[in-house]
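Protein chains in written order, with the working numbering: chain A, -2 to 324; chain B, 27 to 275. Ideal Cβ positions, reconstructed from N, Cα and C, are used throughout, including at glycine.
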Amino acid sequence: MIIEKFLNKWILFFLLLIPILGFVLEEPYYITLTTKVIILGIAGIGLNLALGYCGLISFGHAAFFGLGGYVTGILSFHALNSELMFSWPFIASGSSNMLVIWPIVIITSALLSFIIGVLSLRTTGVYFIMITLAFAQMLYFFAISWPNYGGEDGLSIYMRNSFPMVNTMDPTTFYMICLFWLLLAVFISAKLINSSFGMAFQAVKQNEERVKSVGIETFKVKLLVFIISGTITGLAGSLYTDLNRFVSPSVLNWQMSGEIMVFVILGGIARLYGPLVGAAFFIVLEQTLGVYTENWQFWLGLILILEILYVRSGILSLFEKKLKYEK
Amino acid sequence: MKNKILNIKSLSKSYGAFKVTDEITIDLHFDEIHALIGPNGAGKSTLIKQIVGSVKHDIGSIILDQEDITDLTDIERAKIGISRTFQVSSIIPQFSAIDNIILSLLDKSNKTFQLFKSVKNNKELYLNAKKILREIELQEKSDVSASDLSHGDRRKLEVGLALAMDPKVFLFDEPMAGLDESGTNMMINLFKKIKSNSPILLIEHDMDAVFALADRVSVINYGKIVATGTVDEIRQNELVRDVYLGYEI
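See below:
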């Protein structure tokens, strides 16, 4: 645990160093690339709460990621076109202000997580995996068949949404906004994990029958974890739309759910910064191997197999072992 | 009726044609340890599962402290005061001994949904948990991971988890299985102490412990209660000697 905290401090230091490096090297591309890592890391941190700490193997977190992305895209689209979103039962116009968009994303993601959670948490094991996957796929096909917002082609928003008094089109500024959300997601996760609620949901992962026998309502515990998890992932989806200034049904696809799960597994299940490290590793592989072959994910698959067979607790545990050895 | 805290009437459970429990009627008085003995497969553990609500019964009723709890879920029954131990130790393996006890204290202290306050800073929970660890003689191992505890210590921790709930009744399923002599003596003394607050329905194969502890004993065979009485009455009962105790006792 002490070594993990030491590693986490280094990761944080490295993240704060990136904008300086980008500025010195005059390579804003690296800032944008790390912004992508941070956003995907936030999505993974969301999933890690449910999967890593509570044992809920959700294969449908793309639903929340995509919802956050589409809510951001749709609000922005209407703001840019000066069109009303709807006029009944109340009048609602779009917005390109992040301070308006984020609360709406948080509320809608929490609501969707609640609906999916209430229905899917009645099942366990493979049925839970399949039902979460089914929900995400339903949203995916709904997005494809919704021509108002680009259908299969997706929705471009041309301008990144605004934040008071700063220029969000500046890569460093947007990076700092995303870094803020990352730190908040880590802070919330850490607080939850160390709370009595965290004790309850971590116990559910290990022995649900025992937790029930001491009078704890495990369904409510799992539902609340699932809602918090989905909400964090939804917020990541919102930032992802702003990063790309584009959202398409691919963010709702099962492949996206799989990728978020890969971040968690690669970095280390039930580790605070694990999904961020996993996302970084994923993007580095994509950027390096992707130069040589389109099918770079073949190598990702190989690495995953080796990791699951030999280093189950993720990339972070490799550093831990090395540090322990050096001590 | 007034001196009965737990009253089970005609409780039955069948799997197909096989009757695991067959119209079992049994009660538990205040200040009492009521032992339930019988051969393996007689239906003792199934009866415990039916009382806690993890196995649904086919017919019958369960009254706890004059309240009909027959239709309550297992969690609701735990909340209103039924606390159990499992036949095979069922603890949270990656938690320390003290964290296992704290988990058991959460619901009673309304802290399960406390989202952001660190549990490590909750002195009240820690003090209560330490008190229970002292009672089960595990205070020296409070920070040891439950998965690293010996079998005997896990049995003690099981009982500690039940104690932490401060229930109306305890249902102990072979709490002394695998304990050494000092562990068994510790349990016997502990049970004698706690029964005045929360009576105990005890399943146990260690007959010396049963005869040292029980105020009443019921014998179950093929899912039916075949005899109920004091220790002496049960010792003298021909049928009981036939089905379970043997003639050498």
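- Between Val208 of chain A and chain B, the shortest Cβ-Cβ separation is below 9 Å.
- Ranked by how close their Cα comes to the Cα of Pro272 of chain A, the residues A:Thr69, A:Leu4 and A:Ile39 have A:Ile39 in first place.
- Across the structure, Leu313 of chain A and Phe11 of chain A are spaced so that their CA atoms are roughly 15 Å apart.
- Listed in chain order, the positions of the segment 160 to 194 of chain A with a beta carbon within less than 7 Å of a beta carbon of chain B are Lys188, Leu189, Asn191, Ser192, Ser193 and Phe194.
- Distance from the CA atom of Asp53 of chain B to the CA atom of Asp192 of chain B, rounded to whole angstroms, is 20 Å.
- Of all residues in the segment 173 to 207 of chain B, only Leu187, Ala190 and Met191 place a beta-carbon less than 8 Å from a beta-carbon of chain A.
- By the C-beta density criterion, Ser90 of chain A is exposed, having fewer than 16 other C-beta atoms within 10 angstroms.
- Under a criterion of Cβ atoms nearer than 7 Å, the residues of chain A adjacent to Ile118 of chain B are, in order, Ala200, Gln203, Asn204 and Arg207.
- Near chain A, meaning a CB-to-CB distance below 8 Å, the residues of the segment 148 to 175 of chain B are Asn148 and Leu151.
- Looking at the backbone, the Cα of Val222 of chain A and that of Phe62 of chain A are separated by about 16 Å.
- Annotation for Ser244 of chain B: no alpha helix (DSSP H) segment contains it, though the beta strand (DSSP E) segment containing it runs Arg242 to Asn247.
- Lys143 of chain B reaches chain A at Ser192 and Ser193, counting residues in chain order whose Cβ is nearer than 8 Å.
- Taking C-beta atoms under 8 Å as the contact rule, Ser40 of chain B and Asp97 of chain B fail to qualify, at a distance of about 19 Å.
- The beta carbons of Ser106 of chain A and Ile98 of chain A sit no closer together than 9 Å.
- Cβ neighbours of Asp179 of chain B within its own chain (closer than 7 Å, five residues either side excluded): Leu164 and Lys167.
- At a cut-off of 9 Å between beta carbons, Ile124 of chain B makes no contact with chain A.
- For the options B:Ser244, B:Arg267, B:Thr256 and B:Gln262, the alpha carbon positioned closest to that of Ile34 of chain B is the one of B:Ser244.
- A straight line joining the alpha-carbon of Ser247 of chain A with that of Met258 of chain A spans about 16 Å.
- When DSSP states are grouped into helix, strand and coil, Ser117 of chain A belongs to the helix group.
- Within the segment 30 to 61 of chain A, not one residue has a Cβ closer than 8 Å to any Cβ of chain B.
- Bridge pairing for Ala253 of chain B: B:Val245 [DSSP].
- Listed in chain order, the positions of the segment 79 to 111 of chain A with a beta carbon within less than 7 Å of a beta carbon of chain B would be empty, since no residue qualifies.
- Residue contact check for Leu221 of chain A against chain B: a CB pair falls below 9 Å.
- Near chain A, meaning a CB-to-CB distance below 7 Å, the residues of the segment 84 to 117 of chain B are Asp100, Ile101, Ala104, Lys105, Arg110, Ser116 and Ile117.
- At a cut-off of 9 Å, the C-beta of Ile28 of chain A has no neighbouring C-beta in chain B.
- Spanning the alpha carbons of Ser153 of chain A and Gly212 of chain A requires a straight line of approximately 50 Å.
- Chain A places no beta carbon closer than 9 Å to that of Gln262 of chain B, leaving this residue out of the contacts.
- Counting along the chain, no alpha helix (DSSP H) covers Ile31 of chain B; the unbroken beta strand (DSSP E) around it starts and ends at Lys30 to Tyr41.
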